[in-house]
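Beneath this line is the structure, given in structure tokens, with notes to follow.
Numbering (our numbering), first residue to last: 1453 to 1758.
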């Protein structure tokens, strides 16, 4: 089982355990239910830090959620609702059991219909739907012709469409200027670009008009001015040492044809124009992007790096 990052869990925990006391000088002490949940989240976090990496490692915590809900049976405070919602999140994010997570989220809605947790459960269920639709789209992509991308701006002069690159291995890296994880992956992308220099491999950063440019000092508003947003891209590329080409596509960066529900997102296109890999994080060493590209070059009898 692949665990989500500890930071994601802790961030979600803070959101769930937070109280709306912004206007109070001294927040009240945690209720017993909130204190119990904090302790349980602490246990989960400690196990992740210690390297727990499969469902069996969290059997004790799974049972603890059931015990807490039994302890507070009949109570409907928001702190108790948070326990129920966090249990669903635990099964989704840690146990990676979407079926169980759906069941628990539906239970939150049924058992606490007027709570903030019920509203959050609706949002979480919608997110699961989007995630599953994206995964289905990604699965259908593999071995199929790459959906066309049309470019309204390109750092490579004259490049207007993805299909023009047929005959090469094309690595599509979907990203945006506001995406911190995208920018954090740039050093790794630079390594890949340098490794395959001189081979028929094109790395292409794909974005779309966002209405603003971030991570160049104060946010720059480009709403209703796409020309300004595109004109700023060379400066952004230079500042971030982007050694690969970047394009603005007519299609949104969260492109449903590619099953994109989050960025950064890499798809690797074979020289015959078919998608061979999709949904890769460019900064993930375990994805072995170098190995995947090299295998495609060898399959099509194309030059590989020395």
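Backbone N, C-alpha and C define an ideal beta-carbon position, used for all residues, glycine too.
Note that this is a predicted model, so its numbers are computed, not measured.
With 16 other Cβ atoms within 10 Å as the buried cut-off, status of residue i
{"i": "residue 1716", "result": "buried"}
{"i": "residue 1534", "result": "buried"}
{"i": "residue 1591", "result": "exposed"}
{"i": "residue 1659", "result": "buried"}
{"i": "residue 1620", "result": "buried"}
{"i": "residue 1657", "result": "buried"}
{"i": "residue 1465", "result": "With a pLDDT of only 44 at residue 1465, under 50, the local geometry of the prediction cannot be trusted, and the value read off the model is given with reservation. Buried, because 16 or more other Cβ atoms sit within 10 Å of the Cβ of residue 1465."}
{"i": "residue 1558", "result": "exposed"}
{"i": "residue 1622", "result": "buried"}
{"i": "residue 1554", "result": "buried"}
{"i": "residue 1738", "result": "exposed"}
{"i": "residue 1740", "result": "exposed"}
{"i": "residue 1711", "result": "buried"}
{"i": "residue 1496", "result": "buried"}
{"i": "residue 1750", "result": "exposed"}
{"i": "residue 1615", "result": "exposed"}
{"i": "residue 1586", "result": "buried"}
{"i": "residue 1485", "result": "buried"}
Cutoff 6 Å; reference residue i; Cβ partners in own chain excluding five residues on either side
{"i": "residue 1516", "result": "1492"}
{"i": "residue 1707", "result": "none"}
{"i": "residue 1666", "result": "1629, 1630"}
{"i": "residue 1755", "result": "1651"}
{"i": "residue 1561", "result": "1570, 1573"}
{"i": "residue 1539", "result": "1517, 1556"}
Own chain residues within Cβ distance below 7 Å of residue i, not counting five before or after
{"i": "residue 1742", "result": "1644, 1647"}
{"i": "residue 1467", "result": "Unreliable positioning characterises residue 1467 in this predicted model, as indicated by a pLDDT of 49, which lies under 50. A coordinate reading is not provided."}
{"i": "residue 1691", "result": "1668"}
{"i": "residue 1543", "result": "1549, 1552, 1553, 1556"}
{"i": "residue 1593", "result": "1710, 1711, 1727, 1730"}
Inter-residue spacing [alpha-carbon to alpha-carbon] between residue i and residue j
{"i": "residue 1626", "j": "residue 1736", "result": "15 Å"}
{"i": "residue 1499", "j": "residue 1509", "result": "8 Å"}
{"i": "residue 1582", "j": "residue 1758", "result": "42 Å"}
{"i": "residue 1663", "j": "residue 1681", "result": "7 Å"}
{"i": "residue 1695", "j": "residue 1685", "result": "13 Å"}
{"i": "residue 1597", "j": "residue 1730", "result": "13 Å"}
{"i": "residue 1746", "j": "residue 1636", "result": "24 Å"}
{"i": "residue 1488", "j": "residue 1632", "result": "33 Å"}
{"i": "residue 1506", "j": "residue 1608", "result": "45 Å"}
{"i": "residue 1603", "j": "residue 1709", "result": "16 Å"}
{"i": "residue 1617", "j": "residue 1704", "result": "20 Å"}
{"i": "residue 1524", "j": "residue 1532", "result": "7 Å"}
{"i": "residue 1687", "j": "residue 1589", "result": "34 Å"}
{"i": "residue 1552", "j": "residue 1683", "result": "48 Å"}
{"i": "residue 1503", "j": "residue 1490", "result": "20 Å"}
{"i": "residue 1577", "j": "residue 1752", "result": "43 Å"}
{"i": "residue 1563", "j": "residue 1512", "result": "24 Å"}
{"i": "residue 1760", "j": "residue 1537", "result": "The requested residue 1760 does not occur in the structure, where the chain is confined to residues 1453 to 1758."}
{"i": "residue 1610", "j": "residue 1670", "result": "32 Å"}
{"i": "residue 1501", "j": "residue 1547", "result": "16 Å"}
{"i": "residue 1679", "j": "residue 1689", "result": "16 Å"}
Residues that residue i bridges to, as DSSP identifies them
{"i": "residue 1837", "result": "Residue coverage of the chain in this structure runs from 1453 to 1758, which leaves residue 1837 outside it and unanswerable."}
{"i": "residue 1483", "result": "Answer is none; residue 1483 lacks a bridge partner."}
{"i": "residue 1727", "result": "1594, 1721"}
{"i": "residue 1657", "result": "1625, 1698"}
{"i": "residue 1586", "result": "According to DSSP, residue 1586 bridges with nothing at all."}
{"i": "residue 1602", "result": "1613"}
{"i": "residue 1664", "result": "1673"}
{"i": "residue 1500", "result": "According to DSSP, residue 1500 bridges with nothing at all."}
{"i": "residue 1732", "result": "1718"}
Sequence-distant residues of the same chain with beta carbon closer than 8 Å to residue i, five excluded per side
{"i": "residue 1606", "result": "1612, 1697, 1698, 1699, 1700"}
{"i": "residue 1720", "result": "1621, 1622, 1623, 1624, 1727, 1728, 1729, 1730, 1732, 1741, 1744, 1745, 1748"}
**Message:** Quick test of the definition: if touching needs 3 or more C-beta pairs under 8 Å, does the stretch 1635-1644 touch the stretch 1675-1687?
**Reply:** Counting Cβ pairs under 8 Å, fewer than three are found: no touch.
**Message:** Pairs of beta-carbons, one from the stretch 1571-1587 and one from the stretch 1597-1606, closer than 8 Å: are there three or more?
**Reply:** The count of Cβ pairs closer than 8 Å, one atom from the stretch 1571-1587 and one from the stretch 1597-1606, stays below three, leaving the stretches out of contact.
**Item:** the stretch 1720-1729 contacting the stretch 1696-1706, beta-carbon criterion three pairs below 8 Å
**Value:** Touching, no.
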